[in-house]
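Encoded as C-alpha cells, the structure appears first; notes follow it.
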C-alpha cells in the first residue's frame, strides 16, 4: 500500500469529502503546494504521439473538469504531467452550487457521487486567477450556462487564457442544462459558437447508460451527428451518471469512478464505429490504470480524462500512468 493510500484510508476518508477537497485546494493553491507537487512530476518531454483538436499533447492522460473549479491550483497541477488540464466548470456569475452534503465516497468501489451543481467564483474572479499563470501544460477551460448568450460570452471572455474549450451541457446536477438536450437548442448554441470561433472546442455530452436500449442509443448518436454537422472539434464521452442517494441533501447526483469504466469503453466503441475519424473522442469515466487507457485508445479515444481516480490513488498516479504508457 502506498503512503498516500495509507493516509487516505486511515485519515482522509474519515472526514467529509468536500472539506478534504477544500483543504487540498488551499494547499495546492500555495507555493508550498507547488513545491510539494514537484515531487510527483512526470517527464514532460515524453512523446505520446497524440493530438487533440489539433493541439499536440505530451501525454494521453488529462485532468477532467471539476477538480480545479476556480483555476486556483494550476501552478501545482502543471507539474504532474497531464497532457492537458481542464479548468472549471466556469459560469458567468458566481454560483454557490447545491445544498450540502453533496459528495459521498463509495470507497470499496473506488467511486463517488456528487451533487455539486457548478459551485465556482464566476468569470471575473477566475480571470484574475488565470492572469497569474504561465503554464507548460495546455489549458482547456470548461464553460457552461443557462443560455446561448451566457456560453458565447464566456467563450469570448476566456479565449485569451486557454488553448481550447470544453462546453458542458450535460451535468446531471444542473437542471437548466436540459435546455441544450433539445436538438434545435443545441444546434443554435453550436451555430453561435461557430460565428465567434477562434479556438477549438469539444462538447461534453450526457451519459447514456443503457445503450442496449434503442432510444438511449439513438439519442447518443443524435448528439454526435449534430456535433459533426457543426464541425465541433471533439466530444467528451461522457459526463457522470445520474444516480440517487439519500445521503445527499437533494437525494441525487452524478456517479463517477471505477463503476463507470465498462460503460465508458462501450460508449467509445459505439461512437468510434459510427463516426471514425469524423470527430475527436475523449474518454471520461472510470479510468484508473494504464490498461484502461490502452483499451480506450485502441478503440478510438484520443485522450483519457481522470478525476475520481486521483482521490483514491493520489497525485503519483499521473506519473505512474505516463511511465507505463511509454513502455507500450
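In my numbering, the protein residues as written are 1335 to 1662.
Every residue gets a Cβ at the ideal spot worked out from N, C-alpha and C, and that includes glycine.
As the structure is a computational prediction, the values presented were derived from the model and not from experiment.
If distances are taken between C-alpha atoms only, which option among the options comes closest to residue i?
i	options	result
residue 1578	1571, 1553, 1589	1589
residue 1569	1601, 1616, 1587, 1436	1616
residue 1541	1515, 1525, 1562	1515
residue 1493	1477, 1508, 1507	1477
residue 1393	1372, 1410, 1416, 1411	1416
residue 1507	1557, 1574, 1523	1574
residue 1510	1526, 1349, 1656, 1482	1482
residue 1518	1546, 1655, 1336, 1556	1556
residue 1642	1440, 1345, 1391, 1361	1440
residue 1565	1529, 1544, 1571	1529
residue 1608	1658, 1525, 1551	1551
Do residue j and residue i count as a contact pair if the criterion is CB distance below 7 Å?
i	j	result
residue 1593	residue 1443	yes
residue 1484	residue 1538	no
residue 1374	residue 1650	yes
residue 1536	residue 1581	no
residue 1475	residue 1422	yes
residue 1636	residue 1376	no
residue 1498	residue 1534	yes
residue 1351	residue 1437	yes
residue 1365	residue 1412	no
residue 1361	residue 1397	no
residue 1624	residue 1644	no
residue 1560	residue 1520	yes
residue 1554	residue 1602	no
residue 1289	residue 1646	No information on residue 1289 is available, as it lies outside the stretch 1335 to 1662 that the chain covers here.
residue 1338	residue 1648	yes
residue 1395	residue 1472	no
Look up residue i in the DSSP assignment and say whether it is helix, strand or coil.
i	result
residue 1605	helix
residue 1367	helix
residue 1639	strand
residue 1595	helix
residue 1351	helix
residue 1614	strand
residue 1586	strand
residue 1489	helix
residue 1467	coil
residue 1420	strand
residue 1628	helix
residue 1345	coil
residue 1407	coil
residue 1448	strand
residue 1677	Since the displayed the chain opens at 1335 and closes at 1662, residue 1677 lies outside it and no answer follows.
residue 1454	strand
CB-CB under 7 Å to residue i, same chain, minus the five flanking residues each way: which ones, in chain order?
i	result
residue 1606	1615, 1633, 1634
residue 1318	The structure shown does not extend to residue 1318, since the chain spans only 1335 to 1662, so no value can be given for it.
residue 1467	1408, 1409
residue 1527	1486, 1489, 1535
Given residue i, which residues of its chain have a CB within under 6 Å of its CB, disregarding the five upstream and five downstream residues?
i	result
residue 1562	1612, 1613
residue 1346	1354
residue 1445	1591, 1592, 1593
residue 1586	1578
residue 1502	1423, 1476, 1478, 1538
residue 1504	1538, 1539, 1540, 1573
residue 1363	1406, 1407
Grab me the residues of residue i's own chain with a C-beta within less than 8 Å of its C-beta, minus the 5 sequence neighbours each way, in chain order.
i	result
residue 1583	1432, 1433, 1434, 1435, 1436, 1449
residue 1610	1634
residue 1282	Residue coverage of the chain in this structure runs from 1335 to 1662, which leaves residue 1282 outside it and unanswerable.
residue 1491	1457, 1461
residue 1630	1598, 1599, 1602, 1617, 1621, 1638
residue 1387	1498, 1534, 1535, 1536, 1567, 1568, 1614
Taking CB distances under 7 Å as the criterion, tell me whether residue i reaches chain C.
i	result
residue 1622	The structure shown contains no chain C, having only a single protein chain.
Hey, is the segment 1444-1457 in contact with the segment 1420-1435, meaning 3+ C-beta pairs nearer than 8 Å? yes
Three Cβ pairs or more, each shorter than 8 Å: is that satisfied between the segment 1451-1466 and the segment 1402-1409? yes
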